[in-house]
Amino acid sequence: MNAAMPRTALLTLALSAALGGFVGVPLVAEAKPAAAAASVDIPYEEFTLPNGLRVVVHTDRKAPIVAVNIWYHVGAKDEPAGRTGFAHLFEHLMFQRSENHSGEFFEPFKQVGATDQNGTTNTDRTNYFQNVPTTALDMALWMESDRMGHLVGAIDQAALDEQRGVVQNEKRQGENQPYGQVWDKLTRAMYPAGHPYHHGVIGSMNDLNAASLDDVKTWFHTWYGPNNAVLVLAGDIDVATAKEKAAKYFGDIPAGPSMAQPAVNVGQRSASTREVMSDKVPQARIYRAWNVAQVGTTDIDQLDLFSYVLGGAKSSRLDQRLLHNDKLVDNISAMTDASQLGSNFLIIATVKQGVDPARVEKAIDEELKRLIAEGPTADELERAKVQSRAGFVRGIERIGGFGGKADALAQCAVYEGNPGCFRTSLANVDAATAADVKAAGAKWLGVGDHTIVVEPGERVALAELPSVKPAPFNVPAVDPKYTTLPSQVDRSAGVPKTTSFPELKFPQLQRATLKNGTKVVLAERHDIPVVQFSYEFPGGFTADQGRKPGTANFTMGMLDEGAGQLGSLAFADAVERLGASVNAGASLDGSSVYLSALKENLAPSLALYADVVRAPRFDQNEIDRIKATWIAGIQQEKAQPNAVAMRVLPPLLYGAGHPYAIPFTGSGNEAAIQSLTREDLTSFHKQWLRPEGATLIVVGDTTLKDIVPLLERSFGDWKGEGAAPKVQAPNNVDRPQTARVFLIDQPGAVQANLFAGEVAPSTMDPGTTRFDIANGVLGGDFTSRLNMNLREDKHWSYGARSSASNALGQRPWMAVAPVQIDKTGEAMKEMNAEISQFASGQRPPTDAEVSRIRNIQTLSLPGAYETASAVMSTIGGIVRYGRPDDYVFKRKAEIEAMTPAQVAEAAKILDPSKLTWVVVGDLKQTEAPVRALKLGEVTVIDADGKPVVKK
Numbered sequence: 001m002n003a004a005m006p007r008t009a010l011l012t013l014a015l016s017a018a019l020g021g022f023v024g025v026p027l028v029a030e031a032k033p034a035a036a037a038a039s040v041d042i043p044y045e046e047f048t049l050p051n052g053l054r055v056v057v058h059t060d061r062k063a064p065i066v067a068v069n070i071w072y073h074v075g076a077k078d079e080p081a082g083r084t085g086f087a088h089l090f091e092h093l094m095f096q097r098s099e100n101h102s103g104e105f106f107e108p109f110k111q112v113g114a115t116d117q118n119g120t121t122n123t124d125r126t127n128y129f130q131n132v133p134t135t136a137l138d139m140a141l142w143m144e145s146d147r148m149g150h151l152v153g154a155i156d157q158a159a160l161d162e163q164r165g166v167v168q169n170e171k172r173q174g175e176n177q178p179y180g181q182v183w184d185k186l187t188r189a190m191y192p193a194g195h196p197y198h199h200g201v202i203g204s205m206n207d208l209n210a211a212s213l214d215d216v217k218t219w220f221h222t223w224y225g226p227n228n229a230v231l232v233l234a235g236d237i238d239v240a241t242a243k244e245k246a247a248k249y250f251g252d253i254p255a256g257p258s259m260a261q262p263a264v265n266v267g268q269r270s271a272s273t274r275e276v277m278s279d280k281v282p283q284a285r286i287y288r289a290w291n292v293a294q295v296g297t298t299d300i301d302q303l304d305l306f307s308y309v310l311g312g313a314k315s316s317r318l319d320q321r322l323l324h325n326d327k328l329v330d331n332i333s334a335m336t337d338a339s340q341l342g343s344n345f346l347i348i349a350t351v352k353q354g355v356d357p358a359r360v361e362k363a364i365d366e367e368l369k370r371l372i373a374e375g376p377t378a379d380e381l382e383r384a385k386v387q388s389r390a391g392f393v394r395g396i397e398r399i400g401g402f403g404g405k406a407d408a409l410a411q412c413a414v415y416e417g418n419p420g421c422f423r424t425s426l427a428n429v430d431a432a433t434a435a436d437v438k439a440a441g442a443k444w445l446g447v448g449d450h451t452i453v454v455e456p457g458e459r460v461a462l463a464e465l466p467s468v469k470p471a472p473f474n475v476p477a478v479d480p481k482y483t484t485l486p487s488q489v490d491r492s493a494g495v496p497k498t499t500s501f502p503e504l505k506f507p508q509l510q511r512a513t514l515k516n517g518t519k520v521v522l523a524e525r526h527d528i529p530v531v532q533f534s535y536e537f538p539g540g541f542t543a544d545q546g547r548k549p550g551t552a553n554f555t556m557g558m559l560d561e562g563a564g565q566l567g568s569l570a571f572a573d574a575v576e577r578l579g580a581s582v583n584a585g586a587s588l589d590g591s592s593v594y595l596s597a598l599k600e601n602l603a604p605s606l607a608l609y610a611d612v613v614r615a616p617r618f619d620q621n622e623i624d625r626i627k628a629t630w631i632a633g634i635q636q637e638k639a640q641p642n643a644v645a646m647r648v649l650p651p652l653l654y655g656a657g658h659p660y661a662i663p664f665t666g667s668g669n670e671a672a673i674q675s676l677t678r679e680d681l682t683s684f685h686k687q688w689l690r691p692e693g694a695t696l697i698v699v700g701d702t703t704l705k706d707i708v709p710l711l712e713r714s715f716g717d718w719k720g721e722g723a724a725p726k727v728q729a730p731n732n733v734d735r736p737q738t739a740r741v742f743l744i745d746q747p748g749a750v751q752a753n754l755f756a757g758e759v760a761p762s763t764m765d766p767g768t769t770r771f772d773i774a775n776g777v778l779g780g781d782f783t784s785r786l787n788m789n790l791r792e793d794k795h796w797s798y799g800a801r802s803s804a805s806n807a808l809g810q811r812p813w814m815a816v817a818p819v820q821i822d823k824t825g826e827a828m829k830e831m832n833a834e835i836s837q838f839a840s841g842q843r844p845p846t847d848a849e850v851s852r853i854r855n856i857q858t859l860s861l862p863g864a865y866e867t868a869s870a871v872m873s874t875i876g877g878i879v880r881y882g883r884p885d886d887y888v889f890k891r892k893a894e895i896e897a898m899t900p901a902q903v904a905e906a907a908k909i910l911d912p913s914k915l916t917w918v919v920v921g922d923l924k925q926t927e928a929p930v931r932a933l934k935l936g937e938v939t940v941i942d943a944d945g946k947p948v949v950k951k
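Throughout the sequence shown, residue numbering follows the working numbering, covering 1 to 951 in sequence.
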């Protein structure tokens, strides 16, 4: 559940989603698209019930799941003065009980293994979505219809107070992040008072506090009727079934008033403005924004292409000038965020330390004006178009969730009245000429921008918008054209029971071995014309032993900064021209190099991929550039509450010298990164990236017969040099004698971020699955104990959780909770009590809790593998941890047979008397209440984990 900010359009998502030869052979000729593009579409049918509910149906039988996605055409734009934040508050309230279901909305969905379940609010709409097993569709539609037609009687003062507290903590959590105040300031500056977009989605604390029960109920009656909603059913369903079930569950709900949508009001500004603000940040950042054309226009589609050429790609104009050539910034981007009444065009630049932001602003302005004057080159435009299409193809692999097919259909239906509007956008992109893109830039990106420069300094609390007494509001009469169907459901019988579930299916793993010794594992997926590859190597962060901290991750991050005969920018151009995506990275125990290739461009994409793996250039100028950006990234980590904790907690858990006693960000430290030499990188690459002992995972639209010859061509003659390094599991460490508490000061923080951690047995341990289920009961799910206590009961936090990362050595187990800062001590006390009572057996796991987590872990499996990425991740675990090919089935059987007694025994792995706590927040407000708890010795440390000596 969250406020969606900033707003994002379908084609923008497609472009941003997309961004992400033989050695020694010139690749310029190799990198040309090799085949005609396959046709892609989202076919659908639609119908409307007599009460006005519009239903859109898309059939996709690849998995036994149905995406249920409902959009209400109400957002922050519809909130009158004095009622800001109501749409987002109501999104939260609709996850509470309804008149015919007394528990949390999530509960029935957890019992059937729903996936991708959430709700979001933005300026223009509120949406709710979930994927459910086909056999649980009746339950899902009953629940969605009950909150549409039978909610208001269940809203009481306690529910309002609870969710108001949760929302306020969500607001604090956002503002507590570095640069977190920018979006509210930008929104207020871009749109004048009285414009529907002038206030933020979460709204004003004053308005939320003033909201009465009657206000909230009136809001519901006004906006949440069936005639103001679109229901999308996508997946294992047909239109006949959809008609029958939609009529059954929604047909008897009376329509609400027909509320007029605000008129399009782009708010194009006549003058440029600017402001400077300070924040607790390590470096300056520039935000520059224009108000531009609304969603559903040719102009916004052409501005998408303009943004890609200007700053949306690795080799964009701004990246080339400011990142590669002038080296004035550590990162820079340009994008559009499309909305119903008007959109925003944004340029964001993080300025290098020591550089005057004015120099960066001047360079940005020069490149913007140059692109407006000259337009894109033919090659730039073609790459933008290819990436746009590639992003769309990858996005529609998913049935539901953020950006899936159901989302695309719902967005088009709500904003443009046409579920297939994405076809028009795709056609607009395809037809756009360089002159069109140039003209769109000239039309919209002149005067009228607003610039915010965030400078390092003190964080100043953001003033709330003035509180206004809301005008009386009378709900208009319902249009008599809407009628209802006879009721077919006895809601007093409760939620429909799901008694059968689809069988788990996992792709058969096919194997081969290349001439170079690499093992190939293939899982065929023919849903979309894309093939994904992950070359898996041992080592990872642990390979930094005897090396400079951060060597592994830095080396892997350099692989795609030029390879073969192509430098960094030329290589990026070649990848983008093919609609491919290439990246590499390291984790605790391994490293990998990834490729996502369009099937039509598979051979040339593999040629580029081979050069990344085999012949990275490690050009010194690129090493120097990445070093500077990397070090700036470390400094950014130290300013972010979660990241700084992930830097200091692992060394506290494992002790100096242990392979895991490193920042879990994998970034190392400033001194080590600064001292890295080209020889350090080539040595790591030579020693750890070698074909023998490696595994190449392939998932997608290919066969073993087709793919092995292509792989042999690219990798068959590759040989490792010298002796292969020995990979040993890290030694076990003892837990501390007693609990310890470490405090990190973040002056001005409005939240305290609480972390409790200790080591747990390795992923290779036979009891791993039992411990995972125990963790699920304690903190591994929304409905788990920690979250229900701190969020739903106390409403001190936006969310609390716990988890144990997989590792060949001892796993790091951590519980995490961001809480309002005046509840730091009380929240730590609650966390410690929950952990202690669970681990000691004082409050052992109940049958209901174990059953819920069991269902979440097992019944979700048939829908868990709808994407190639999900399949690839599971295969990666099979490879890394030596699991059998039928691991997913064996794990499922183990969980199904697990008893509460076994889970209670696994909970004993946790020892609350030996926890290591890290608290990140304003020391003036956290230190005294934490010391008063007497949980253990308290030490104040800095962002590097070093004790702070009080002056």
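Ideal Cβ placement from N, Cα and C applies to all residues, glycine included. Given the structure is predicted, the values throughout are model-derived calculations rather than measurements.
Practice problem: Give me the Cα-Cα distance between P947 and F742, rounded to the nearest whole angstrom. | Solution: For the purposes of this step, residue 947 is identified with residue 947 of the sequence shown, where counting begins at 1. For the purposes of this step, residue 742 is identified with residue 742 of the sequence shown, where counting begins at 1. Their backbone Cα atoms lie some 9 Å apart in a straight line.
Self-check item: Collapsed DSSP secondary structure at V938 in the structure displayed
Solution: Taking the first residue of the sequence shown as position 1, residue 938 is located at position 938. Reduced to three states, the DSSP call for V938 is strand.
Quiz item: What's the gap between the Cα of L710 and the Cα of A597?
Solution: Taking the sequence shown and counting its residues from 1, the one referred to as residue 710 is at position 710. Taking the sequence shown and counting its residues from 1, the one referred to as residue 597 is at position 597. For L710 and A597, the distance between alpha carbons rounds to 13 Å.
Exercise. Pick out the complete beta strand (DSSP E) segments inside the stretch 494-553, 3 residues or longer, and give them in chain order.
Key: 510-513, 519-524, 530-538
Exercise. For R852, count neighbouring Cβ atoms within 10 angstroms of its own Cβ and tell me buried if that reaches 16, exposed if not.
Key: Counting from 1 along the sequence shown, the entry for residue 852 is found at position 852. By the 10 Å Cβ count, R852 comes out buried.
Quiz item: Exposed or buried, G825, counting other C-beta atoms within 10 Å across all chains shown (16 or more means buried)?
Solution: Counted from its first residue, the sequence shown places residue 825 at position 825. With 16 or more Cβ atoms within 10 Å of its Cβ, G825 is classed as buried.
Self-check item: Check whether G149 and I70 have beta carbons under 8 Å apart
Solution: Counting from one through the sequence shown, the residue named residue 149 turns up at place 149. Counting from one through the sequence shown, the residue named residue 70 turns up at place 70. Their beta carbons are not under 8 Å apart, which means G149 does not touch I70 by this criterion.
Quiz item: Which runs of the beta strand (DSSP E) fall wholly inside the stretch 32-72 and span at least 3 residues, in chain order?
Solution: 45-48, 54-59, 65-72
Quiz item: How is the beta strand (DSSP E) around S803 delimited, first residue to last?
Solution: Here residue 803 refers to the residue found at position 803 of the sequence shown. If you look at S803, you'll find it in the beta strand (DSSP E) that goes 801-804.
Exercise. Give the secondary structure of L11 by DSSP, where H, G and I count as helix, E and B as strand, and everything else as coil.
Key: Here residue 11 refers to the residue found at position 11 of the sequence shown. Low confidence applies to L11: its pLDDT is 34, below 50, so where it sits in the model is not reliable, and the reading given next is rough at best. Residue state, collapsed to three classes: helix.
Quiz item: Can you tell which of I396, Q687, I202, A694 has the C-alpha that lies nearest to the C-alpha of L514?
Solution: To locate residue 514, count along the sequence shown from 1; it is residue 514. The residue with the shortest Cα to Cα distance from L514 is A694.
Quiz item: What are the boundary residues of the alpha helix (DSSP H) that F90 is part of?
Solution: The residue labelled residue 90 in the question sits at position 90 within the sequence shown. It spans 86-93 - the alpha helix (DSSP H) in which F90 sits, taken as one unbroken run.
Exercise. Alpha carbon to alpha carbon, how far is L231 from Y44? Give it in angstroms, no decimals.
Key: Stepping through the sequence shown from its first residue, residue 44 is reached at position 44. Stepping through the sequence shown from its first residue, residue 231 is reached at position 231. Across the structure, Y44 and L231 are spaced so that their CA atoms are roughly 13 Å apart.
Self-check item: Candidates H658, K469, D449, P472, of which the one nearest R547 by Cα
Solution: Your numbering for residue 547 matches position 547 in the sequence shown. Comparing Cα-Cα distances from R547 to each of H658, K469, D449, P472, the minimum goes to H658.
Quiz item: What's the C-alpha gap between D60 and D238?
Solution: Locating residue 60 in the sequence shown gives position 60, where the first residue counts as 1. Locating residue 238 in the sequence shown gives position 238, where the first residue counts as 1. If you take the alpha carbons of D60 and D238, they lie about 9 Å apart.
Exercise. Return yes when the Cβ of G75 is within less than 8 Å of the Cβ of F95, no when it is not.
Key: Mapped onto the sequence shown, residue 95 falls at position 95. Mapped onto the sequence shown, residue 75 falls at position 75. In this structure, G75 does not lie closer than 8 Å to F95 by Cβ.
Quiz item: G457: buried (16+ other C-beta within 10 angstroms of its C-beta) or exposed?
Solution: What you label residue 457 is simply residue 457 of the sequence shown in a count that begins at 1. So G457 counts as exposed.
Quiz item: Taking Cβ to Cβ, would you say I953 is nearer than 8 Å to V182?
Solution: Any property of residue 953 remains undetermined from this structure, which presents the chain solely from 1 to 951.
Quiz item: Alpha carbon to alpha carbon, what distance is there between G494 and H101?
Solution: Locating residue 101 in the sequence shown gives position 101, where the first residue counts as 1. Locating residue 494 in the sequence shown gives position 494, where the first residue counts as 1. Rounded to the nearest angstrom, the two C-alpha atoms are 7 Å apart.
Exercise. Compare the beta carbon distance of E175 and V750 with 8 Å and say whether it is the shorter of the two.
Key: The residue you call residue 175 lines up with position 175 of the sequence shown. The residue you call residue 750 lines up with position 750 of the sequence shown. Taking C-beta atoms as the reference points, E175 and V750 count as a pair closer than 8 Å.
Quiz item: On the three-state DSSP scale, how would you describe P616?
Solution: The residue given as residue 616 occupies position 616 in the sequence shown. Here P616 sits in strand by DSSP.
Quiz item: Which residues bound the beta strand (DSSP E) around P812?
Solution: On the sequence shown, position 812 is the one that residue 812 refers to. Start and end: 811-820.
Self-check item: Unbroken alpha helix (DSSP H) run spanning H685, endpoints
Solution: Within the sequence shown, numbered from 1, the residue matching residue 685 stands at position 685. Run containing H685: 678-688, per the alpha helix (DSSP H) assignment.
Practice problem: Could you pull out every residue in the same chain whose Cβ sits closer than 6 Å to the Cβ of L652, ignoring the five residues on either side in sequence? | Solution: Taking the first residue of the sequence shown as 1, we reach residue 652 at position 652. T916.
Quiz item: Between which two residues does the alpha helix (DSSP H) carrying R164 extend?
Solution: Residue numbering aside, residue 164 sits at position 164 when the sequence shown is read from its first letter. Unbroken alpha helix (DSSP H) run through R164: 157-175.
Quiz item: Which runs of the beta strand (DSSP E), 3 residues or longer, sit entirely within the stretch 413-486?
Solution: 450-456
Exercise. In the DSSP assignment, find the unbroken beta strand (DSSP E) run with T769 in it and report its ends.
Key: The residue given as residue 769 occupies position 769 in the sequence shown. Note, T769: premise wrong, no beta strand (DSSP E); alpha helix (DSSP H) at 768-778.
Quiz item: CA-CA distance, A242 and D236?
Solution: Position 242 of the sequence shown, counting from 1, holds the residue named residue 242. Position 236 of the sequence shown, counting from 1, holds the residue named residue 236. For A242 and D236, the distance between alpha carbons rounds to 11 Å.
Quiz item: So does the stretch 430-442 actually touch the stretch 377-394, counting three or more Cβ pairs closer than 8 Å?
Solution: yes
Quiz prompt | For P900, the first and last residue of its enclosing alpha helix (DSSP H) | solution = Position 900 of the sequence shown, counted from the first residue, corresponds to residue 900. Run containing P900: 900-907, per the alpha helix (DSSP H) assignment.
Quiz item: Is the distance from the Cβ of I364 to the Cβ of R288 below 8 Å?
Solution: Taking the sequence shown and counting its residues from 1, the one referred to as residue 364 is at position 364. Taking the sequence shown and counting its residues from 1, the one referred to as residue 288 is at position 288. In this structure, R288 lies closer than 8 Å to I364 by Cβ.
Quiz item: Given that a residue counts as buried once 16 or more other Cβ atoms are within 10 Å of its Cβ, and exposed if not, what is T702?
Solution: If you number the sequence shown from 1, residue 702 lands on position 702. The residue in question, T702, is buried, as its Cβ has 16 or more Cβ neighbours within 10 Å.
Quiz item: If we count Cβ pairs, one from each stretch, closer than 8 Å, do we get three or more for the stretch 896-906 versus the stretch 770-786?
Solution: yes
Quiz item: If we ignore side chains and look at the alpha-carbon of each, how far apart do D886 and S500 end up?
Solution: Counting from one through the sequence shown, the residue named residue 886 turns up at place 886. Counting from one through the sequence shown, the residue named residue 500 turns up at place 500. Distance between the alpha carbons of D886 and S500: 23 Å.
Self-check item: Spatially closest choice to L754 from N732, V930, P725, G590, by CA coordinates
Solution: Stepping through the sequence shown from its first residue, residue 754 is reached at position 754. It is V930 whose Cα lies nearest to the Cα of L754.
Self-check item: When R883, V612, L910, E894 are compared against P736, the one with the closest alpha-carbon
Solution: Reading the sequence shown from its first residue, position 736 is the one you call residue 736. Ranking R883, V612, L910, E894 by Cα distance to P736 puts L910 first.
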